[in-house]
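To keep things clear, I will list the structure first and then write my remarks on it.
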Amino acid sequence: ADIQLSRVVDGDTIDLNINGTVTPVRYIGANTPERDDPCYQDALNANRRLLQSGPLRLDTDATDKDRYGRLLRYVYAGDILVERELIRQGWAEVVLYRSDDKHYDEFLALEQAAAAQGLGCHPTGIFDDGSVMR
C-alpha cells in the first residue's frame with residue numbers, strides 16, 4: 287500500500303493517506319496526554335519527530351477499528367515502532383485495548399523503566415501508575 291502521512295492529530299492519533307484515501311489511525315497500546323493536559327504538546331512533537339524516521343508501514347492486532355471508526359494499528363516509521371518509542375521515551379503510557387496485546391509485555395517493561403527514570407511526561411504525574419484498562 288502507498289502510505290503517506292497526512293496529518294499528526296495528537297500524540298497517539300494520525301491521519302494517513304492510504305492509496306489516496308485519508309484515514310484516521312489510532313496507535314495500539316500507547317496513550318498520550320489529551321489536549322488540555324500538561325505535556326500534550328511535548329508528546330505531539332515527539333510523535334511528529336518519530337514519524338519522520340522513515341517510510342511508514344502498518345501492522346495489525348486483534349481489533350481492526352475502535353468505536354470511533356479509526357483504524358487500530360502499530361505504526362512503523364522505517365525500523366522504528368512509533369508506539370514503542372513513545373513509551374520508551376516517556377511520552378506515552380501503556381493502555382491495553384481488549385485483546386490487542388502483541389507488544390503489551392514489552393511496552394509495560396519500557397513504561398516502568400521510563401517512569402523510574404522520570405522521562406518524558408512522567409514527572410508531571412499525569413500517567414496512572416500501572417497499566418490503564420480501557
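For any residue, its number in my numbering is found by taking its place in the sequence shown, counting from 1, and adding 286. The beta carbon of each residue, even a glycine, is placed where N, CA and C say it ideally should be. Treat the numbers as computed from the prediction; the structure is a model and nothing was measured.
Query	Result
When the Cα atoms are used, what is the spatial distance from Lys351 to Asp386?	11 angstroms
Check the C-beta distance from Arg321 over to Asp298 and give it rounded, since I have them as a contact under 8 angstroms.	Not really, about 12 angstroms apart at Cβ, beyond 8 angstroms.
For Leu357, tell me which candidate among Ala378, Phe393 and Thr307 has the shortest Cα-Cα distance.	Thr307
Please report the straight-line C-alpha distance between Gly340 and Glu369, rounded to a whole angstrom.	15 angstroms
Is Gln338 closer than 8 angstroms to Ala363 when the C-beta atoms are compared?	yes
Going along the chain, which residues of its own chain have a beta-carbon closer than 6 angstroms to the beta-carbon of Ala348, five neighbours each way excluded?	Ser385 and Asp386
Would you give the residue range spanned by the alpha helix (DSSP H) that Ile304 belongs to?	Element bounds for Ile304: not the alpha helix (DSSP H) but the beta strand (DSSP E), Thr299 to Ile304.
DSSP has Ala316 in a bridge; who is on the other side?	Val380
By Cβ distance, which residues of its chain are closer than 6 angstroms to Pro259, with the 5 residues on each side in sequence left out?	There is no way to answer for residue 259, as the model of the chain reaches only from 287 to 420.
For Pro324 and His408, what's the separation of their Cα atoms in angstroms?	10 angstroms
Look at the Cβ atom of Val361, then the Cβ atom of Gly315, and state whether they are nearer than 8 angstroms.	no
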